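Chemist: These protein sequence lines map, in sequence, to chains A and B. Note that UniProt numbering gives residue 344 to position 344 of the first sequence, counting from 1, and the numbers run on in steps of one. Note that UniProt numbering gives residue 181 to position 181 of the second sequence, counting from 1, and the numbers run on in steps of one. Just so you know, even glycine gets a beta-carbon here, dropped at the ideal spot from N, CA and C. Since this is a predicted model, take the numbers as computed values, not measurements.
There are 2 protein chains.
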Amino acid sequence: MPQIAPNHRIVFNKQIAHGFPVPGEHISLDKSQSIDLDGVPLNGGFLTKTLMLSPEPAMRERMRDPKIPSFTTTLVVGHTVVGFGLVVVLRSEKEGIKVGDHMYGMTPWEAYTVQPYIEGRVDYKLAEWPAGTFDMDSLALQVVPDPRGAFPWSNYCSILGIPGLSAFAGFEAYADAKEGETVYISSGASGVGSMVIQLAKMKGMKVIASAGSNEKVEYMKKLGADVAFNYKTSLVADILRENGPLDLYWDNVGGSHLAAAIDALTVSGRIIMCGVAEEYNVAHEDRYPVKNTSLIFKKRLRVQGFLIADHAQTMVPRFFSEIPALVAQGKLLSQEHLIQGIENAPNAFVDMLKGGFPVGKPIIVVAQE
Amino acid sequence: MPQIAPNHRIVFNKQIAHGFPVPGEHISLDKSQSIDLDGVPLNGGFLTKTLMLSPEPAMRERMRDPKIPSFTTTLVVGHTVVGFGLVVVLRSEKEGIKVGDHMYGMTPWEAYTVQPYIEGRVDYKLAEWPAGTFDMDSLALQVVPDPRGAFPWSNYCSILGIPGLSAFAGFEAYADAKEGETVYISSGASGVGSMVIQLAKMKGMKVIASAGSNEKVEYMKKLGADVAFNYKTSLVADILRENGPLDLYWDNVGGSHLAAAIDALTVSGRIIMCGVAEEYNVAHEDRYPVKNTSLIFKKRLRVQGFLIADHAQTMVPRFFSEIPALVAQGKLLSQEHLIQGIENAPNAFVDMLKGGFPVGKPIIVVAQE
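Next comes the structure, spelled out in structure tokens:
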């Protein structure tokens, strides 16, 4: 008897013109699929069971009209959503990949997948995309070591995944951090921001960090932030004026936070732009009008846009040689907010974009081991 | 009989809140002074006769309220305007400075001066200015070699002065220019811009350049620009879209040109901000609202503010070992627009800010040898 299992998945139905994706309209749960776990042909590949899915802001950018240039290829309408996830191998015909291996990387948002996935994969022809567009499907699943209880598996989707790696690589490449300097980190309770707070403190910096709830403010203090504030109840400009000037601004938000930081930076200050949470879901005409760009000249600032894809080759080996040990020793903290069930993935993705979750990197738990 | 000469000067009367300076209100000619050229005590210094004065955009920034932080100290209200000039030494008690020496650097805008100047000099106490504020008075007069007819003395106020040096230093430090790349240069017929055009062509770049008159467009073509256009009659965005994408933007203007360049830059493109001609004379609320800063992140751009003061130590020796020979050989071109008479200095300064002159770096001729 074949072992037929339901294979629930999240489908990308429709490109988003402006604003946030709407569950049921742009992305939706599809319960119509099933899979024969014992019999499905692997064709030299391997079968994975999805344990966790990790919603990331970059996925919003993949849901745009592909005619709009951006840093990444788009998702394919009508196919399964692809994003970061943690999976376990059930069967394998591929050398180097064994049953029971855990893997982290890009995977279709569904319960089971024959890998490497075809459904949902962008037929990536470099020449058809603007130069520098990143093929997100190239962030293939990689085997990750069993932490044997030193930290939870979910850490691989937060501090030991793309958020932690992005923070580490951008900070190492561009921060020029010096002891006693002051840094402002927007979206400081996010996966990236919470790691940047800790890296900055390890360098002896004074850390100012913001987030959108009082609970997150407490979390940022626990991570070591010297000044933590709720940007919904305090004016960013006021806080930075009182606690600045800044030597460094780590930008996860863009727009109004960027403008306030430009005002507050000292001469020869640096800005690392790692995300634009305020602007992913906003039409051009509604974006915050930055009117102080002349200060970039007057203060001789350096503003550097950063995407992990450009640095993965050099930074991934360093990251995995340094960071997991610090996590295991409790010297770097990571907190995850677990949402149970793939059926909640569309809402979880939108809530992540809106910053509506309690403390912790949001992660969707699809199945137990 | 003492040789008493009139000593006409330009006085800084009043700080400018917003907009352009008004001759007669903020800066004005003062004909009340005279000087005893033979008898005036030198106190170990030297007496100079002003030959040429060189109005520069940075002088506008020195006319602000000193409470507004910026890259430079301010001028002193009620005293002589200080700016760049070319002078000749009439008498000297200072070792190393001989009668007949020509010198270029900061000098009071008056016919004759006992140097080093006291009148108009900012009493510069580092602690009283924001960190990184540059003491413009430190750009003291330096002896320049007699070109012996290889090029005109006026070149020392343009391609061999601060404009040429700024272009050279910024380009060497931050352009990362590669053969076959495309650069856009705003204010391409200015002292700085005309040098950047030529430096970029020497590196084998494709050059797009803009200015505010058709005559300047022809001049930029003569300097080697592949695409030269009048920004008053063509849309910057259109020209850049047709001739881009850009690898580099040299920004002398800021605001609308900066926003258009951000749109037109390729992934990993660079911006060097060397001036903000569009914004020196505009109140914050009236400035161009830049709404595409998120592209700095998405395209991983690097935006670098640049002020020559930060690089003078390293770049001045290289500049003077390389560039005068190229000018003498006719491999680098410089054109100056000469305005006769110090009485025209206030209007010339304002016309320079407004870009209202014909082709050539505007220079005020105060006296013949």
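Suppose contacts are defined by Cβ-Cβ distances below 8 Å. Is Leu141/B in contact with Tyr104/B by that definition?
Modeler: Position 141 of the second sequence, counted from the first residue, corresponds to residue 141/B. Position 104 of the second sequence, counted from the first residue, corresponds to residue 104/B. Contact: yes.
Chemist: Taking its Cβ as the centre, do 16 or more other Cβ atoms sit within 10 Å of Asp247/B, making it buried, or is it exposed?
Modeler: The sequence position of residue 247/B within the second sequence is 247, counting from 1. That one is buried.
Chemist: Going by DSSP, what residue range makes up the beta strand (DSSP E) through Met63/B?
Modeler: As a working note, residue 63/B is residue 63 in the second sequence. Where Met63/B is concerned, there is no enclosing beta strand (DSSP E), given that its DSSP letter is neither H nor E.
Chemist: Along the stretch 125-137 of chain B, what residues have a CB closer than 7 Å to any CB found in chain A?
Modeler: Within the stretch 125-137 of chain B, the residues whose Cβ lies closer than 7 Å to some Cβ of chain A are Ala131, Gly132, listed in chain order.
Chemist: Mind checking which residues open and close the alpha helix (DSSP H) that includes Thr314/B?
Modeler: Position 314 of the second sequence holds residue 314/B. From DSSP, the alpha helix (DSSP H) with Thr314/B extends over 312-328.
Chemist: Restricting to runs no shorter than 3 residues, where is the beta strand (DSSP E) found entirely within the stretch 35-117 of chain A?
Modeler: With a minimum length of 3 residues, the continuous beta strand (DSSP E) runs that stay inside the stretch 35-117 of chain A are 46-54, 82-92, 102-108, 112-115.
Chemist: Using DSSP with H/G/I as helix, E/B as strand and the rest coil, what is Phe151/B?
Modeler: As a first step, residue 151/B is located in the second sequence; it is residue number 151 there, counting from the start. Residue state, collapsed to three classes: coil.
Chemist: DSSP state of Ala131/B, grouped into three classes?
Modeler: If you number the second sequence from 1, residue 131/B lands on position 131. Looking at Ala131/B - three-state DSSP - the assignment turns out to be coil, as it is neither helix nor strand.
Chemist: May I ask you to report which of helix, strand or coil DSSP gives Asp30/A?
Modeler: The count along the first sequence starts at 1 and reaches residue 30/A at position 30. Note: Asp30/A maps to strand in three-state DSSP.
Chemist: Got a sec? Which residues, its chain only, sit under 6 Å from Gly355/B by beta carbon, not counting five neighbours each side?
Modeler: The residue given as residue 355/B occupies position 355 in the second sequence. The residues are Gly212.
Chemist: Using the Cα positions of Arg121/A and Val82/A, report the straight-line distance between them to the nearest angstrom.
Modeler: Against the first sequence, residue 121/A aligns to sequence position 121. Against the first sequence, residue 82/A aligns to sequence position 82. Answer to the nearest angstrom: the Cα atoms are 8 Å apart.
Chemist: Figure out for me which residue from Pro145/B, Pro69/B, Ile16/B, Gly39/B has the closest Cα to the Cα of Gly132/B.
Modeler: Numbered from 1 along the second sequence, position 132 holds the residue referred to as residue 132/B. Among Pro145/B, Pro69/B, Ile16/B, Gly39/B, the Cα nearest to that of Gly132/B belongs to Pro69/B.
Chemist: Using a Cβ-Cβ cut-off of 8 Å, state whether Ser268/B counts as contacting chain A.
Modeler: Numbered from 1 along the second sequence, position 268 holds the residue referred to as residue 268/B. It does: the Cβ of Ser268/B has a partner Cβ on chain A nearer than 8 Å.
Chemist: Output, in chain order, the set of chain A residues within a Cβ distance shorter than 7 Å of Ile296/B.
Modeler: One-based indexing of the second sequence puts residue 296/B at position 296. By Cβ distance, chain A contributes Met273, Val303, Gly305.
Chemist: Quick check: is the beta carbon of Lys291/A nearer than 8 Å to any beta carbon in chain B?
Modeler: As a working note, residue 291/A is residue 291 in the first sequence. With 8 Å as the cut-off, Lys291/A counts as an interface residue toward chain B.
Chemist: Residue ranges of each beta strand (DSSP E) run of no fewer than 3 residues wholly in the stretch 263-314 of chain A, ordered along the chain?
Modeler: Here the runs fully enclosed are 265-273, 302-305.
Chemist: Grab me the residues of Ala309/A's own chain with a C-beta within less than 6 Å of its C-beta, minus the 5 sequence neighbours each way, in chain order.
Modeler: By 1-based counting over the first sequence, the position of residue 309/A is 309. Hits under 6 Å: Phe134.
Chemist: Please go through the same chain and pick out, in chain order, the residues whose beta-carbon is closer than 6 Å to the beta-carbon of Val365/A, but skip the five residues on each side of it.
Modeler: As a position in the first sequence, residue 365/A is number 365, starting the count at 1. For Val365/A, where only same-chain residues beyond five positions count, the Cβ hits under 6 Å are Met52, Leu338, Gln340.
Chemist: Could you check how far apart the C-beta atoms of Phe46/A and Ile97/A are, in whole angstroms? I think they sit under 8 Å.
Modeler: The count along the first sequence starts at 1 and reaches residue 46/A at position 46. The count along the first sequence starts at 1 and reaches residue 97/A at position 97. Contact flag correct, Cβ pair sits at about 5 Å.
Chemist: Just list the residues that DSSP pairs Val9/A with in beta bridges.
Modeler: As a first step, residue 9/A must be located in the first sequence, where it is residue number 9. For clarity, residue 9/A is Arg in the given sequence; the question names Val instead. Answer by DSSP bridge pairing, in chain order: Asp30/A, Glu110/A.
Chemist: So which residues on chain A does Phe71/B lean against when the C-beta distance must stay under 9 Å?
Modeler: Locating residue 71/B in the second sequence gives position 71, where the first residue counts as 1. Per Cβ cutoff of 9 Å: Val267, Phe297, Lys298, Lys299, Arg300.
Chemist: If we cut at 8 Å on Cβ distances, does Gly355/B have a partner in chain A?
Modeler: Numbered from 1 along the second sequence, position 355 holds the residue referred to as residue 355/B. Chain A contact via Cβ: absent.
Chemist: Counting only Cβ pairs nearer than 8 Å, list the residues of chain B close to His284/A.
Modeler: The sequence position of residue 284/A within the first sequence is 284, counting from 1. Neighbours of His284/A on chain B, chain order: Lys291, Asn292.
Chemist: With respect to the alpha helix (DSSP H) encompassing Ser166/B, which residues constitute its N-terminal and C-terminal limits?
Modeler: Translated into positions along the second sequence, residue 166/B becomes position 166. Ser166/B -> alpha helix (DSSP H) spans 162-174.
Chemist: Go through its chain and collect everything with a Cβ distance to Tyr156/A's Cβ below 7 Å, but skip five positions before and after it.
Modeler: Taking the first sequence and counting its residues from 1, the one referred to as residue 156/A is at position 156. For Tyr156/A, where only same-chain residues beyond five positions count, the Cβ hits under 7 Å are Leu86, Tyr104, Val144.
Chemist: Any residues in the stretch 238-262 of chain A with a beta carbon nearer than 8 Å to a beta carbon of chain B? Which ones, in chain order?
Modeler: The stretch 238-262 of chain A vs chain B, Cβ under 8 Å: Pro245, Asp251, Gly254, Gly255, Leu258.
Chemist: Which residues of chain C have a Cβ atom closer than 7 Å to the Cβ of Glu279/B, listed in chain order?
Modeler: Structure shown: chain C not included; protein chains present are A and B.
Chemist: Would you mind giving the Cβ-Cβ distance between Ala209/B and Ala237/B, rounded to the nearest angstrom? I have them listed as a contact below 8 Å.
Modeler: As a working note, residue 209/B is residue 209 in the second sequence. As a working note, residue 237/B is residue 237 in the second sequence. Contact flag wrong, Cβ pair sits at about 16 Å.
Chemist: Could you tell me the distance, in whole angstroms, from the CA atom of Asn252/A to the CA atom of Tyr112/B?
Modeler: Sequence index remark: in the first sequence, residue 252/A carries index 252 (1-based). Sequence index remark: in the second sequence, residue 112/B carries index 112 (1-based). Cα to Cα, the separation comes out at about 56 Å.
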